[in-house]
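Here our numbering is used: the first residue of the sequence shown is 48, the next is one more, and so on.
Think of the CB as a built atom: it goes at the ideal place given N, C-alpha and C, for glycine as much as any other residue.
Here's the structure we're looking at; comments come further down.
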Amino acid sequence: MYNTKEINQLIRHRRSVYPVQYVEGKVIDDTIIEQILENANWAPTHGRTEPWRFCVFTGDGLKKLAQFQAETYKKYTPTEDFKENKHQKLLDNPLKASHIISIGMKRQASGRIPEVEEIEAVACAVQNMYLTATAYGIGAYWGSGGITYYEEAKPFFDLEPEDKLLGFFYLGHIEKPSPEGKRAPVQEKVRWIKG
Ligand SMILES: Cc1cc2nc3c(=O)[nH]c(=O)nc-3n(C[C@H](O)[C@H](O)[C@H](O)COP(=O)(O)O)c2cc1C
């Protein structure tokens, strides 16, 4: 029904491509970003809660994000854990990207679906974004460092206390591609039961 050879290749050749590998200053067409978001929206979702929530930062929005995450890190990190090089990275890294999409999970009020399943649904949405970016030849990477798990960061990304910030999806045109990926054989992770 589909070209399985191409789909196998797409999945197996998808790599994380980091901001240092992007062409600085080269902006991805918003129509591609819209396709990436549209495909995210087609992830599986238990109970049709569709819990993924995104904010898209580009242009001066990237400066706002950089400023916010650096300030938040400085303000809410205990002095003994604070690292100046990390602070600087939070200021610099966003400016290397074309777009950054914050990855949020919106908790449904009823709590009927277990929280872990809502996180899983968002992870499926992110994989859709990864694969779509790969298909368009765009570099992408899911980062969960910096202020990802800072409670104080949530309102900036339109998230409430019961929601979760799960990280940031960086996007950019590729200057230096990632090397081939590596995985241990799947057979080591699977047990078949046939009777
Ligand atoms: C939930 C999640 C969070 C991640 N967070 C980070 C991160 O904070 N920093 C980082 O360098 N890579 C992060 N990654 C990317 C992984 O490092 C990457 O997927 C892994 O090295 C395998 O490489 P590949 O994506 O090219 O196959 C994250 C991946 C996932 C799934």
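| field | Rounded Cβ spacing between H146 and I75 (contact assumed at less than 8 Å) | value | 6 Å
| For ligand 1, any of its heavy atoms closer than 8 Å to the Cβ of Y120? | no
| Who pairs with G108 in a beta bridge, going by DSSP? | Beta-bridge pairing links G108 to no other residue.
| Does DSSP put Y123 in a helix, a strand or coil? | helix
| query | Considering only residues of the stretch 195-236, which uninterrupted beta strand (DSSP E) runs meet the minimum length of 3 residues and lie entirely inside it, listed in chain order? | reply | 211-220
| query | Considering only C-alpha positions, which residue in the set K110, F216, Q68, Q56 is nearest to V169? | reply | F216
| field | Contact the stretch 200-211 vs the stretch 126-146: 3+ CB pairs below 8 Å | value | no
| task | With hydrogens ignored, establish whether the beta-carbon of G192 is closer than 8 Å to any heavy atom of ligand 1. | result | yes
| What are the start and end residues of each continuous alpha helix (DSSP H) run of 4 or more residues lying completely inside the stretch 152-194, in chain order? | 162-182
| query | Counting pairs of beta carbons, one from the stretch 168-183 and one from the stretch 105-112, are three or more of them closer than 8 Å? | reply | no
| task | Evaluate E235 with the Cβ neighbour count: other Cβ atoms within 10 Å of its Cβ, from every protein chain shown; 16 or more gives buried, anything less gives exposed. | result | exposed
| request: Indicate the three-state DSSP secondary structure (helix, strand or coil) for V67 in the structure shown. | output: helix
| field | Residue nearest to D210 in terms of C-alpha spacing, selected from G72, F115, P226, S149 | value | S149
| Roughly how many angstroms lie between the CA atoms of K153 and I54, to the nearest whole one? | 30 Å
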